[in-house]
Amino acid sequence: MSTRDTDRDAVIKVARGATLFTPWALRAAVTLGLPDLVAGGVDDLADLARRSGADVGALRRLVRYLVLLEVFRAPAADRVELGELGAVLCSGHPAGLAKALDQREAFARRGDEAIASLPEAVRTGKSVWTGLFGRGFWDDLAADAVLGRSFDAAMAAHAATLGPEVARRYDWSGVRHVTDVGGGTGHVLAAVLTAHPGLTGTLVDLPATVGAADPVLRAAGVADRVTVAGGSFFEPLPGGTDVCLLANILHDWPDEDAVTILRRCRAAVVAGGQVVLVERVLDEVPAAGDDPGQFVASQRDLAMLLLLDAAERTEAQFARLGREAGLRPGGVVGLLPEQGLFLVCFDVG
1 MSTRDTDRDA VIKVARGATL FTPWALRAAV TLGLPDLVAG GVDDLADLAR RSGADVGALR
61 RLVRYLVLLE VFRAPAADRV ELGELGAVLC SGHPAGLAKA LDQREAFARR GDEAIASLPE
121 AVRTGKSVWT GLFGRGFWDD LAADAVLGRS FDAAMAAHAA TLGPEVARRY DWSGVRHVTD
181 VGGGTGHVLA AVLTAHPGLT GTLVDLPATV GAADPVLRAA GVADRVTVAG GSFFEPLPGG
241 TDVCLLANIL HDWPDEDAVT ILRRCRAAVV AGGQVVLVER VLDEVPAAGD DPGQFVASQR
301 DLAMLLLLDA AERTEAQFAR LGREAGLRPG GVVGLLPEQG LFLVCFDVG
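The sequence shown stops at residue 349 when you use full-length UniProt numbering, and every number in between is there.
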């Protein structure tokens with residue numbers, strides 16, 4: 001291949017990667033409800049415009065672009081079908097992408113606004129959230145009820161996909177009691193207890209959060225096997241548990257706070273038990289390629305910088321945090337590798 005051909009291919013690749021039209025076309029589609037409408041049988045463009053509240057001419061132009069992205073197919077002029085990628089943008093898809101893209105969701109809107117400040121975050125090494133919105137991330141969620149509910153809904157949707165995998169991938173044999181630390185409204189814990197009827201559990205999160213857990217636990221039929229404890233994971237945790245589970249918790253916190261959380265968990269677990277993290281694990285050395293898990297993990301690493309002054313971590317970085325907290329590395333198990341998610345285990349005692 002000539003240098004000219006190589007340069008041309010590089011320009012095309014960079015231009016496609018840099019354009020903002022693709023991410024915003026996907027967001028427009030979801031916000032207007034187009035994938036759900038087409039999946040429900042609306043295949044006429046004029047009808048789709050009417051049902052979505054869109055201008056038919058503008059919608060035709062958006063659909064043309066979405067056909068190129070394989071979200072839709074156009075079997076004939078002004079006819080629309082779901083394309084190869086369309087189903088994953090529907091609201092009921094277990095991946096939960098629609099909620100992350102929907103601009104009707106306050107958390108999605110605010111997160112997208114923060115991304116535009118990535119150059120500033122890289123210059124300073126600090127979160128941009130306070131500068132943009134006047135409050136730190138957690139304070140903002142607490143002060144803005146609509147934003148807080150939107151965030152909680154996004155986390156619950158993600159937890160609902162994690163729970164069955166945690167129940168399946170971790171070796172629960174010999175475990176009698178598990179404490180889900182920072183477990184939200186209990187989706188992960190409910191899935192674990194459903195899959196393992198001999199287990200009991202404790203759900204720990206802030207009082208306002210666990211106060212909404214009862215419907216989740218009752219719907220799963222496990223409420224009678226769960227003790228709900230309102231509190232912070234920076235304070236002493238209920239003791240005597242075999243496993244402390246922390247799903248997507250440590251990536252929200254800088255190293256010093258992460259070590260504090262791990263120490264609280266270590267104190268709560270009996271000798272011979274484990275502290276188990278659900279976290280994205282970065283490669284020690286990044287490499288170009290098509291690894292979807294590392295792509296997602298690296299994106300989330302940048303998101304943690306923007307939002308929280310926090311980070312995703314490598315296996316070695318997790319091991320160091322564990323040692324500082326008095327824990328021994330107990331192995332890393334694939335959970336959803338295509339999303340960069342692993343079980344990072346530490347032994348106690």
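A virtual CB, placed ideally from N, CA and C, is assigned to each residue, including glycine.
Looking at the secondary structure, which residues open and close the alpha helix (DSSP H) in which E315 lies? Indexing the sequence shown from 1 puts residue 315 at position 315. Boundaries of the alpha helix (DSSP H) harbouring E315: E315 to E324, taken from the DSSP string.
Note the first and the last residue of the continuous beta strand (DSSP E) segment covering T200. Against the sequence shown, residue 200 aligns to sequence position 200. Counting along the chain, the unbroken beta strand (DSSP E) around T200 starts and ends at T200 to D205.
Are there 16 or more other CB atoms within 10 angstroms of the CB of T227, so buried, or fewer, so exposed? By 1-based counting over the sequence shown, the position of residue 227 is 227. The residue is exposed, with fewer than 16 neighbouring Cβ atoms inside 10 Å.
Just verifying my parser: in three-state terms, what is the DSSP assignment at Q294? On the sequence shown, residue 294 is found 294 positions in, with the first residue counted as 1. Reduced to three states, the DSSP call for Q294 is helix.
Among all the DSSP beta bridges, which residues are the ones paired with G240? The residue labelled residue 240 in the question sits at position 240 within the sequence shown. Note: G240 sits in no beta bridge, so no partner.
D257 - DSSP class collapsed to helix/strand/coil: Here residue 257 is taken as the residue at index 257 of the sequence shown, counted from 1. DSSP places D257 in helix when its eight states are reduced to three.
Would you list the one or two residues that DSSP bridges to G289? Mapped onto the sequence shown, residue 289 falls at position 289. In DSSP, G289 forms no bridge with anything.
Could you give the distance in angstroms between the alpha-carbon of A311 and the alpha-carbon of L321? Mapped onto the sequence shown, residue 311 falls at position 311. Mapped onto the sequence shown, residue 321 falls at position 321. Rounded to whole angstroms, the separation of the alpha carbons of L321 and A311 is 13 Å.
Is the CB-CB distance between F342 and V275 below 7 Å? Locating residue 342 in the sequence shown gives position 342, where the first residue counts as 1. Locating residue 275 in the sequence shown gives position 275, where the first residue counts as 1. No, the pair does not count as a contact, with Cβ atoms beyond the cut-off.
Among the residues of its own chain, which have a CB less than 7 Å from the CB of R27, if the five just before and after it don't count? For the purposes of this step, residue 27 is identified with residue 27 of the sequence shown, where counting begins at 1. The beta carbon of R27 is closer than 7 Å to those of L101 and Q103 in its chain, skipping five residues each way along the sequence.
Should R266 and V348 be called a contact, given that it needs their Cβ atoms to be closer than 7 Å? As a first step, residue 266 is located in the sequence shown; it is residue number 266 there, counting from the start. As a first step, residue 348 is located in the sequence shown; it is residue number 348 there, counting from the start. Yes, the pair counts as a contact, with Cβ atoms nearer than the cut-off.
According to DSSP, residues forming a beta bridge with C345: Looking up residue 345 in the sequence shown gives position 345. Beta-bridge partners of C345 (DSSP): V276 and G331.
A195 versus A160: straight-line alpha-carbon distance, rounded: The residue labelled residue 195 in the question sits at position 195 within the sequence shown. The residue labelled residue 160 in the question sits at position 160 within the sequence shown. When rounded, the distance between both Cα atoms is 14 Å.
Cβ of R169 within 7 Å of Cβ of L335? As a working mapping, residue 169 is identified with position 169 in the sequence shown. As a working mapping, residue 335 is identified with position 335 in the sequence shown. Contact annotation: R169 and L335 have beta-carbon atoms nearer than 7 Å.
Which same chain residues, not among the five before or five after R109, have their C-beta less than 8 Å away from its C-beta? In the sequence shown, residue 109 corresponds to position 109, counting from 1. Here the set comprises Q103.
Between E70 and A258, what straight-line distance do the alpha-carbon atoms span, to the nearest angstrom? In the sequence shown, the residue the question calls residue 70 occupies position 70. In the sequence shown, the residue the question calls residue 258 occupies position 258. Going by the C-alpha atoms only, they are around 41 Å apart.
Answer yes or no: does any C-beta atom of chain B fall closer than 7 Å to that of H251? Of the chains in the structure shown, none is chain B; there is only one protein chain.
Taking 7 Å as the threshold (C-beta atoms), are A303 and R263 in contact? Along the sequence shown, one-based indexing puts residue 263 at 263. Along the sequence shown, one-based indexing puts residue 303 at 303. Judged by beta-carbon spacing, A303 lies beyond the 7 Å limit of R263, meaning their Cβ atoms are not closer than that value.
7 Å Cβ cutoff met for L68 and A29: Within the sequence shown, residue 68 is the residue found at index 68, counting from 1. Within the sequence shown, residue 29 is the residue found at index 29, counting from 1. A distance of 7 Å or more separates the beta carbons of L68 and A29.
CB-CB under 7 Å to V216, same chain, minus the five flanking residues each way: which ones, in chain order? Reading the sequence shown from its first residue, position 216 is the one you call residue 216. Result list for V216: T185, G186, H187 and A190, in chain order.
Can you check whether the CB of D252 is closer than 7 Å to the CB of K126? Position 126 of the sequence shown holds residue 126. Position 252 of the sequence shown holds residue 252. A distance of 7 Å or more separates the beta carbons of K126 and D252.
Sort A39, G96, L62 and D112 by Cα distance to E81 and report the nearest one. Taking the first residue of the sequence shown as position 1, residue 81 is located at position 81. Among A39, G96, L62 and D112, the Cα nearest to that of E81 is on A39.
Is it buried or exposed, D9, if we count other Cβ atoms within 10 angstroms and call 16 or more buried? Here residue 9 corresponds to residue number 9 of the sequence shown, with the count starting at 1. Flag for D9 reads exposed.
Just confirm the distance between the C-beta atoms of F234 and T202, as a whole number of angstroms; I'd bet it's less than 8 Å. On the sequence shown, position 234 is the one that residue 234 refers to. On the sequence shown, position 202 is the one that residue 202 refers to. That pair is no contact at about 17 Å.
Grab me the residues of I12's own chain with a C-beta within less than 6 Å of its C-beta, minus the 5 sequence neighbours each way, in chain order. Walking along the sequence shown from the start, residue 12 turns up at place 12. Answer for I12: no residue qualifies.
Report yes if the CB atom of L193 is closer than 7 Å to the CB atom of V222, and no otherwise. Locating residue 193 in the sequence shown gives position 193, where the first residue counts as 1. Locating residue 222 in the sequence shown gives position 222, where the first residue counts as 1. Yes, the pair counts as a contact, with Cβ atoms nearer than the cut-off.
Opening and closing residue of the alpha helix (DSSP H) in which H177 lies: Translated into positions along the sequence shown, residue 177 becomes position 177. Annotation for H177: no alpha helix (DSSP H) segment contains it, though the beta strand (DSSP E) segment containing it runs H177 to V181.
How many Å lie between R123 and I115 at the Cα? Along the sequence shown, one-based indexing puts residue 123 at 123. Along the sequence shown, one-based indexing puts residue 115 at 115. The alpha-carbon of R123 is positioned some 14 Å away from that of I115.
If we ignore side chains and look at the alpha-carbon of each, how far apart do A157 and A247 end up? The sequence position of residue 157 within the sequence shown is 157, counting from 1. The sequence position of residue 247 within the sequence shown is 247, counting from 1. Cα-Cα distance, rounded: 13 Å.
Bounding residues of the beta strand (DSSP E) (the contiguous stretch that carries G230): As a first step, residue 230 must be located in the sequence shown, where it is residue number 230. Counting along the chain, G230 sits inside the beta strand (DSSP E) bounded by residues V226 to G230.
Measure the CB-CB distance between T209 and R225 and report whether it falls below 7 Å. Working through the sequence shown from its first residue, we reach residue 209 at position 209. Working through the sequence shown from its first residue, we reach residue 225 at position 225. Result no, Cβ atoms of T209 and R225 do not sit closer than 7 Å.
Proximity of E315 and V281 at Cβ, strictly below 7 Å: As a position in the sequence shown, residue 315 is number 315, starting the count at 1. As a position in the sequence shown, residue 281 is number 281, starting the count at 1. It is a contact, given that the beta carbons lie within the stated cut-off.
For D171, name the three-state secondary structure that DSSP assigns. As a first step, residue 171 must be located in the sequence shown, where it is residue number 171. D171 sits in coil when the DSSP states are folded into three classes, being neither helix nor strand.
Rounding to the nearest angstrom, what Cα-Cα distance links G240 and A229 in this structure? Working through the sequence shown from its first residue, we reach residue 240 at position 240. Working through the sequence shown from its first residue, we reach residue 229 at position 229. Distance between the alpha carbons of G240 and A229: 14 Å.
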